[in-house]
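Using the UniProt record's numbering, the first residue of the sequence shown is number 1, and each one after it goes up by one.
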Amino acid sequence: MDENKSDPTALNFDNPNTEINRVAVKPPIFWRNKPKLWFLQLEAQFANSGISQDATKYNIVVAALDENVLDFVVDILSNPPENDKYNTLKKALLNRLTDTEESRLKKLLTDLELGDKRPSDLLRQMKSLAGNSISDEIIKSLWLQRLPQQTQAILTISNDTLDKIAEMADKIIAVYSSSEICQVKKVGSLPNSASSFDRNKLDVLQADIAALTKIFDEFSRNTRSRSKSRGNDRRRRSRSNSARYEFC
């Protein structure tokens with residue numbers, strides 16, 4: 001029996017009717033957690049290399065799948081369609097490996113943490129999970145909840161765009177981290193080996209800390225002032241009500 005006939009996925013390079021574009025396209029191993037991005041990159045390589053044959057594209061994808069991913073599409077690999085192999089395989093991979101809406105929202109609401117990431121990196125990850133199903137206001141609220149409290153206090157009074165606030169958060173986190181290091185080391189004077197660049201950098205960080213401290217203090221004073229004003233209003237209303245019921 002002809003080996004190529006027994007294996008529907010095999011390609012007969014000796015057959016003149018088999019058209020294959022054999023060019024150097026080497027995509028990375030399939031990104032199981034980001035299948036859409038992987039296909040975007042792959043199809044850019046196809047365009048650059050002039051690859052259009054269905055069989056060529058199909059086999060390049062198969063060659064990039066590892067054992068765990070192959071299990072998800074073994075039915076297609078064992079019995080590929082006569083036509084449109086590539087799109088059939090692509091659709092199956094996207095449908096079977098892309099997170100469902102429910103699982104993406106669960107990850108967005110409960111699983112994501114700041115950890116060692118920059119605030120802007122966390123925001124990008126949350127936006128990616130949210131897609132178009134959640135407004136920026138809700139994303140902003142969920143994102144702020146995952147930041148340190150002192151950072152939240154400063155950012156909640158900002159009216160900038162979410163991306164601008166994320167840039168500010170990166171700077172605040174960097175400043176607070178640097179100030180903690182400085183406090184631990186009790187930097188009073190730099191070693192003789194330190195460069196002028198180190199001194200300048202320290203000066204900039206100290207200036208940033210002072211500016212952030214001022215913003216935080218103003219925020220605290222405004223909060224206390226509003227609280228005190230509400231307390232005075234309540235006392236005035238209480239005295240007014242008491243006077244209303246006094247009898248001679």
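The C-beta atom is built at its ideal place from N, Cα and C for all residues, glycine as well.
Can you tell which of the options has its C-alpha closest to the C-alpha of residue i?
i	options	result
residue 167	138, 122, 137	122
residue 134	155, 106, 67	106
residue 28	91, 64, 84	64
residue 314	173, 140, 174	Lying before the first or after the last residue shown, residue 314 is absent from the chain, which here runs from 1 to 248.
residue 42	67, 150, 90	90
residue 150	174, 48, 47	174
Got a sec? Which residues, its chain only, sit under 8 Å from residue i by beta carbon, not counting five neighbours each side?
i	result
residue 125	112, 117
residue 145	152
residue 109	142
residue 88	76, 80, 81
residue 246	With a pLDDT of only 46 at residue 246, under the threshold of 50, the placement of this residue in the model should not be trusted; the figure read from the coordinates follows. Hits under 8 Å: none found.
Which same chain residues end up closer than 6 Å to residue i when comparing Cβ atoms and leaving out the 5 residues on each side of it in sequence?
i	result
residue 86	54, 57, 58
residue 92	73, 76
residue 40	none
What's the gap between the Cα of residue i and the Cα of residue j?
i	j	result
residue 163	residue 24	39 Å
residue 26	residue 176	44 Å
residue 95	residue 35	10 Å
residue 69	residue 62	10 Å
residue 197	residue 148	Residue confidence for residue 197 is low, a pLDDT of 45 falling below 50, so the modelled location carries little weight; the figure read from the coordinates is stated next. Roughly 29 Å between the two C-alpha positions.
residue 51	residue 60	11 Å
residue 154	residue 115	20 Å
residue 130	residue 156	21 Å
residue 169	residue 160	12 Å
residue 172	residue 137	21 Å
residue 83	residue 45	22 Å
residue 119	residue 165	9 Å
residue 67	residue 74	10 Å
residue 103	residue 128	13 Å
residue 132	residue 47	28 Å
Please work out which residues of its chain come closer than 7 Å, Cβ to Cβ, to residue i, disregarding the five sequence neighbours upstream and downstream, and give them in chain order.
i	result
residue 38	30, 31
residue 97	32, 35, 72
Exercise for review: Any chance you could list the alpha helix (DSSP H) runs of at least 4 consecutive residues sitting entirely within the stretch 93–118, in chain order?
Suggested key: 101–106
**Study point:** Completely contained alpha helix (DSSP H) runs for the stretch 134–164, where each covers 4 or more residues
**Key:** 136–145, 149–155
Exercise for review: Would you mind listing the alpha helix (DSSP H) stretches within the stretch 19–67 that are 4+ residues and don't spill past its ends, in chain order?
Suggested key: 35–49, 54–64
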